[in-house]
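Have a look at the structure below before the remarks.
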Amino acid sequence: MSCFPDRMLHQICPMHAVLTPTGHIRQAGPTLHKIAPTPLAGARFLEIFDVYRPRAVDSMAQLLQTEGRKLHLRLRGGIRTPLKGILVSDGQGGAVINLSFGIAVVDAVRDYALTSTDFAPTDLAVEMLYLVEAKSAAMDASRSLNTRLQGAMVAAEERAYTDTLTGLRNRRALDVALDRLCRAGQPFALMHIDLDFFKQVNDTMGHAAGDQVLRTAARIMAEETRKDDIAARVGGDEFVIVFDALTSRTRLRDLAARMIARIEEPVAHDDRSCRISASIGIAISESEQPDAAQMLETADIALYAAKRAGRARFRFFSPDMLETSDTPALPAARA
Numbered sequence: 000m001s002c003f004p005d006r007m008l009h010q011i012c013p014m015h016a017v018l019t020p021t022g023h024i025r026q027a028g029p030t031l032h033k034i035a036p037t038p039l040a041g042a043r044f045l046e047i048f049d050v051y052r053p054r055a056v057d058s059m060a061q062l063l064q065t066e067g068r069k070l071h072l073r074l075r076g077g078i079r080t081p082l083k084g085i086l087v088s089d090g091q092g093g094a095v096i097n098l099s100f101g102i103a104v105v106d107a108v109r110d111y112a113l114t115s116t117d118f119a120p121t122d123l124a125v126e127m128l129y130l131v132e133a134k135s136a137a138m139d140a141s142r143s144l145n146t147r148l149q150g151a152m153v154a155a156e157e158r159a160y161t162d163t164l165t166g167l168r169n170r171r172a173l174d175v176a177l178d179r180l181c182r183a184g185q186p187f188a189l190m191h192i193d194l195d196f197f198k199q200v201n202d203t204m205g206h207a208a209g210d211q212v213l214r215t216a217a218r219i220m221a222e223e224t225r226k227d228d229i230a231a232r233v234g235g236d237e238f239v240i241v242f243d244a245l246t247s248r249t250r251l252r253d254l255a256a257r258m259i260a261r262i263e264e265p266v267a268h269d270d271r272s273c274r275i276s277a278s279i280g281i282a283i284s285e286s287e288q289p290d291a292a293q294m295l296e297t298a299d300i301a302l303y304a305a306k307r308a309g310r311a312r313f314r315f316f317s318p319d320m321l322e323t324s325d326t327p328a329l330p331a332a333r334a
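Counting along the sequence shown from 1, when you hit position 165 you're at 164 in numbering that gives the first Met the number 0, and nothing is skipped either side.
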């Protein structure tokens with residue numbers, strides 16, 4: 000199945016899975032076993048993991064078609080941790096798929112009680128673990144000495160819900176806001192925004208330029224939203240905006256068009272210009288008690304419709320978009 004002995008894969012890829020031609024898990028790395036809610040050996044991979052991007056991956060044949068592309072997955076049971084993955088075919092109908100936590104690694108360490116031994120020795124996440132442990136120790140000492148300083152506690156909570164690079168809310172804050180709106184039955188709209196051609200900026204001009212682009216895009220989103228709206232960075236170049244009590248298509252259309260136009264303006268960095276655009280998917284709550292996960296999913300579907308339509312545009316979700324779910328995803332995902 001693999002040119003590497005199992006023990007070697009366990010050491011260098013502790014979150015790998017070796018799949019048979021039928022899509023069942025022949026073996027899996029020790030860390031993958033640790034986070035899985037059910038036994039992995041002999042289980043069908045797609046019954047344990049939900050591959051939600053590219054869409055409509057529900058068979059081994061479709062999974063093999065994603066070879067070499069970044070996959071977005073989550074566990075179907077237990078803690079629905081977001082994962083990133085890449086698949087390589089073994090040429091005999093099976094495959095090896097390697098997974099990682101991406102920017103969710105800190106949450107994963109907390110949720111699964113992971114340690115440095117659960118990662119490959121060369122994984123940069125190991126260094127992050129030491130930083131997290133140091134931060135945790137420092138916070139414990141601080142709390143024991145400052146139990147009556149409520150202002151410090153409020154500031155720490157604010158940091159926990161803020162993306163440090165852009166100053167926007169993070170995924171945790173977004174989940175809290177969506178849960179509150181859904182439980183209250185408050186009407187709202189969701190924009191899922193992806194920066195087109197951001198990867199080219201990082202690859203050709205460096206990460207400092209990429210960070211400058213992200214901060215500029217975040218500033219535009221903050222300026223185009225109201226006090227009660229939530230703008231959050233949920234991935235490397237992905238953002239979600241929640242518009243509280245705003246469901247007017249006309250206003251949402253104007254907001255989306257204005258943000259796209261502003262984001263397309265060149266960003267100066269070291270006497271050079273960074274050029275990107277943005278694609279936007281929009282979902283509007285239709286029921287008195289909408290489901291947060293479903294709202295995010297429909298906004299994501301609309302986003303991909305905007306991508307397929309040529310990028311630098313927006314699309315409102317409509318049920319007929321579900322009929323195109325078997326349309327191949329874009330090459331170089333989210334380029």
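From the three backbone atoms N, C-alpha and C, an ideal C-beta is built for every residue, glycine too. Bear in mind the structure is a predicted one, so any value in this text is a computation, not a measurement.
In this structure, the alpha-carbon of residue 162 lies about 43 Å from that of residue 91. Within the stretch 28-70, the runs of beta strand (DSSP E) that reach at least 3 residues and sit entirely inside it are, in chain order, 48-52. Boundaries of the beta strand (DSSP E) harbouring residue 187: 187-195, taken from the DSSP string.
Note that the C-beta distance between residue 111 and residue 33 is below 8 Å. Under the DSSP assignment, residue 243 falls in the beta strand (DSSP E) whose first and last residues are 237-243. Between residue 243 and residue 180, the beta carbon gap of about 7 Å places them in contact (Cβ cut-off 8 Å). For residue 206, the enclosing alpha helix (DSSP H) has its first and last residue at 206-223. Beta bridge pairing from DSSP links residue 181 with no other residue.
For residue 248, the uninterrupted alpha helix (DSSP H) segment begins and ends at 248-262. Residue 276 is bridged by DSSP to 195. DSSP lists 72 as the bridge partner or partners of residue 82. Partner residues in the beta bridge of residue 15, as assigned by DSSP, are 97.
Closest option to residue 12, judged by alpha-carbon separation, among 321, 126, 86: 86.
When the alpha-carbon of residue 64 is set against those of 50, 108, 231, 74, the nearest one is in 50. Using a Cβ distance threshold of 8 Å, residue 275 and residue 313 do not count as a contacting pair. Take residue 200, set aside five residues on each side of it, and the residues of its chain with a beta-carbon closer than 7 Å to its own are 208, 209, 212, 273, 275, in chain order.
Taking residue 191 as reference, the option from 83, 227, 304, 107 with the minimal CA-CA separation is 304. One Cα belongs to residue 171, the other to residue 160, and the distance between them is close to 6 Å.
DSSP places residue 229 inside the beta strand (DSSP E), whose first and last residues are 229-232. The DSSP-derived three-state label of residue 203 is helix. When 18, 48, 77 are compared, the shortest CA-CA separation from residue 93 is found for 18. A distance of 8 Å or more separates the beta carbons of residue 47 and residue 8. With contacts defined by Cβ atoms closer than 8 Å, residue 236 and residue 193 form a contacting pair.
For residue 161, the secondary structure class from DSSP, reduced to helix, strand or coil, is strand. Taking the Cα positions, residue 165 is about 12 Å away from residue 158. For residue 98, the closest of 106, 118, 109 by C-alpha to C-alpha distance is 118.
Per DSSP, residue 298 is one residue of the alpha helix (DSSP H) stretching across 291-307.
Boundaries of the alpha helix (DSSP H) harbouring residue 107: 104-111, taken from the DSSP string. Taking C-alpha positions only, residue 108 is separated from residue 82 by approximately 13 Å. Residue 26 carries a strand assignment under DSSP once its states are collapsed to helix, strand and coil. Three or more Cβ pairs drawn from the stretch 175-189 and the stretch 238-252 lie within less than 8 Å of each other, which places the two stretches in contact.
Relative to the Cα of residue 214, the nearest Cα in the group 121, 322, 267, 25 belongs to 267. Here residue 263 is actually not in contact with residue 221; their C-beta atoms are around 18 Å apart, not less than 8 Å.
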